[in-house]
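A.B. asks: Residue numbers (our numbering): 350 to 712.
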Amino acid sequence: MPHRVSPKGSFRLDRIFPGVGRINLSSGAKTAAEYRKRDALLSELYETGHLELLRAIRARRLTVAEVFAAQRTQRLSYLAADVLLTRPLWPELEAWFPRSARTIATRRRYEVSWRALKRRLAEAFPVRVADLVDVPWGEVASAWGRSPADWNHLRRAVSRFLSTLLGDKWHPFRRLVLKDFPRARESKGRVPDLSPTGFWKIVNAAPAHVRSAYVTLAVTGLRVGEYLRLKPEDLRAATYGLHVPGTKTAGSDDVVVVGEEWWSWVKNAVPAPLGYAWLRKHWSRACAAVHVTGVTLHSLRHCCGQWAVNAGVPEAQVQAALRHETPGTTRIYTLQKARGQVARALAGVLLSRSPSRRGRRAR
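#1: Once you ignore the five residues that flank residue 535 on each side, which residues in its own chain have a CB closer than 7 Å to its CB?
#2: Mapping the DSSP letters down to three states, classify residue 673 as helix, strand or coil.
#3: Let me know the secondary structure DSSP gives residue 364 once reduced to three states.
#4: CB-CB under 6 Å to residue 533, same chain, minus the five flanking residues each way: which ones, in chain order?
#5: Let me know the secondary structure DSSP gives residue 480 once reduced to three states.
#6: Taking the C-alpha atoms as reference points, what is the distance between residue 603 and residue 571?
#7: Mind listing, in chain order, the continuous beta strand (DSSP E) runs of no fewer than 3 residues lying wholly within the segment 580-643?
#8: Helix, strand or coil for residue 437 per DSSP?
#9: If we ignore side chains and look at the alpha-carbon of each, how far apart do residue 600 and residue 582 end up?
#10: Counting Cβ pairs, one atom from each stretch, are 3 or more of them under 8 Å apart for the segment 484-496 and the segment 446-455?
#11: Distance check for residue 526 and residue 460, CA to CA, integer angstroms please.
#12: Report yes or no: do the segment 546-563 and the segment 459-479 share at least 3 C-beta pairs separated by less than 8 Å?
#13: Name the residue from 613, 520, 480, 646 whose alpha carbon lies nearest to the alpha carbon of residue 437.
#14: Would DSSP call residue 574 helix, strand or coil?
#15: Using the C-alpha atoms, what's the distance from residue 476 back to residue 333?
#16: Relative to the alpha-carbon of residue 568, which residue among 495, 654, 492 has its alpha-carbon at the smallest distance?
#17: Please report the Cβ distance between residue 434 and residue 369, rounded to the nearest whole angstrom; I am assuming they are in contact, meaning their Cβ atoms lie under 8 Å.
#18: Given residue 711, which residues of its chain have a CB within under 6 Å of its CB, disregarding the five upstream and five downstream residues?
#19: Determine, using beta carbons only, whether residue 559 and residue 631 come nearer to each other than 8 Å.
#20: Using DSSP with H/G/I as helix, E/B as strand and the rest coil, what is residue 697?
#21: Relative to the C-alpha of residue 643, which residue among 517, 491, 402, 543 is closest?
#22: Residue 374 by DSSP, collapsed to three states: which one?
#23: DSSP three-state call for residue 651: helix, strand or coil?
#24: Taking the C-alpha atoms as reference points, what is the distance between residue 399 and residue 429?
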């Protein structure tokens, strides 16, 4: 039952919530009707999982009146986020790492990035989540000492953490932190210096039991991780296709059609005959045997795109086949082809007018 602190005082709340404890304090209400609304608010907060707000009220970091006003203006989520910002940062991160992403590799990547930042900042590492806004990100970037890709990994890790914690990637605090967090300029994807003839030389130099794996990577353009996850049930024999269990982007979960010509190779390659380490080792040895350098297993994905564009396949179709989210990712192949076309055009213009060439004709 509601009761007053004094004859003219406000009504007092006295509630117990599991996981929160007892809330015994003034409601700030002057009438019984207003009191009932604020008492109902506590029940609603508990039922909707806003335990942080209840704990903040209990600890008197927030008043019931402040929470009630936020509810009326539909800003409860922002108020809850403000409470979350007061949490200690590193314990919050350690609790977040195991659930930070769907795949183990991405979770590990996030953790590696955060731990690298912790080592770099040492004593200056933020104590609370809110202290992230005070990190001099520009100075940290200048002294990072690692690759541009590594710095961008850190930026994504910070962004993902704040989006998950605050429940909104457009939250003002997240945007405030990232506003001063520079992006590093990464080099564009490198198309390997490998011709189809050179590819077959490498394949034939590899052990027979792994050749189908390399052909499948080149023909499908799959990422190595995607290929290694393929199972026999992912084969679509009737349509000569492969179901690709995606992880990297929304479009990476798809079906890749390889055609009847390559089906025997693909069928022999699924599941993968070996794990990544041995596939990579055999590939490196085969490359060395035919004196090819700078071509990795992932390079075969680039080869797939470049060879398709060189054969006249439109950029949009190559983008769809490689499951790129934007045309810009695929454009490196069309640009490479365009440079070759420019070079051939210049050869036609300049060599035909070369004095040495005219002299040879005169003789």
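Positions of the beta carbon are idealized from the N, C-alpha and C atoms, including for glycine.
C.D. replies: In this structure, then:
#1: Sequence index remark: in the sequence shown, residue 535 carries index 186 (1-based). Excluding positions up to five away in sequence, the list reads 497, 498, 501.
#2: For the purposes of this step, residue 673 is taken as residue 324 along the sequence shown, with counting starting at 1. The three-state reading of DSSP puts residue 673 in coil, since its state is none of H, G, I, E or B.
#3: For the purposes of this step, residue 364 is taken as the residue at position 15 of the sequence shown. Secondary structure at residue 364: strand, using DSSP grouped into helix, strand and coil.
#4: One-based indexing of the sequence shown puts residue 533 at position 184. Answer for residue 533: 497, 500, 501, listed in chain order.
#5: Taking the sequence shown and counting its residues from 1, one reaches residue 480 at position 131. In this structure, residue 480 counts as helix in the three-state DSSP scheme.
#6: Here the question's residue 603 lines up with position 254 in the sequence shown. Here the question's residue 571 lines up with position 222 in the sequence shown. Whole-angstrom Cα-Cα distance: 11 Å.
#7: Taking 3 residues as the shortest admissible run, the segment 580-643 contains the following complete beta strand (DSSP E) segments, listed from N- to C-terminal end: 590-593, 603-606.
#8: Start at 1 with the first residue of the sequence shown, and residue 437 comes out as number 88. Three-state DSSP puts residue 437 in a strand.
#9: In the sequence shown, counting from the first residue as 1, residue 600 sits at position 251. In the sequence shown, counting from the first residue as 1, residue 582 sits at position 233. Note that residue 600 scores 49 on pLDDT, short of 50, meaning its location in the model is unreliable; the coordinates nonetheless yield the value given after this. About 20 Å.
#10: no
#11: On the sequence shown, position 111 is the one that residue 460 refers to. On the sequence shown, position 177 is the one that residue 526 refers to. The alpha-carbon atoms of residue 460 and residue 526 are separated by roughly 19 Å.
#12: no
#13: The sequence position of residue 437 within the sequence shown is 88, counting from 1. For residue 437, the nearest C-alpha among the options comes from 480.
#14: Looking up residue 574 in the sequence shown gives position 225. Helix at residue 574.
#15: Outside the shown range of the chain, which is 350 to 712, sits residue 333, and nothing can be said about it.
#16: Counting from 1 along the sequence shown, the entry for residue 568 is found at position 219. Residue nearest to residue 568 within the set 495, 654, 492 is 654 (criterion: CA-CA distance).
#17: Translated into the one-based positions of the sequence shown, residue 434 becomes position 85. Translated into the one-based positions of the sequence shown, residue 369 becomes position 20. Your pair residue 434 and residue 369 does not check out as a contact, with CB atoms roughly 19 Å apart and the cut at 8 Å.
#18: By one-based count along the sequence shown, residue 711 stands at place 362. Since pLDDT at residue 711 reaches only 48, below the 50 mark, its modelled position is unreliable, and no value is offered.
#19: In the sequence shown, counting from the first residue as 1, residue 559 sits at position 210. In the sequence shown, counting from the first residue as 1, residue 631 sits at position 282. Result yes, Cβ atoms of residue 559 and residue 631 sit closer than 8 Å.
#20: Counted from its first residue, the sequence shown places residue 697 at position 348. Helix, per DSSP.
#21: Counting from one through the sequence shown, the residue named residue 643 turns up at place 294. Checking every option, the nearest Cα to that of residue 643 belongs to 543.
#22: Looking up residue 374 in the sequence shown gives position 25. Residue state, collapsed to three classes: strand.
#23: Locating residue 651 in the sequence shown gives position 302, counting from the first residue. Three-state DSSP puts residue 651 in a helix.
#24: Within the sequence shown, numbered from 1, the residue matching residue 399 stands at position 50. Within the sequence shown, numbered from 1, the residue matching residue 429 stands at position 80. Approximately 7 Å, taken between the alpha carbons.
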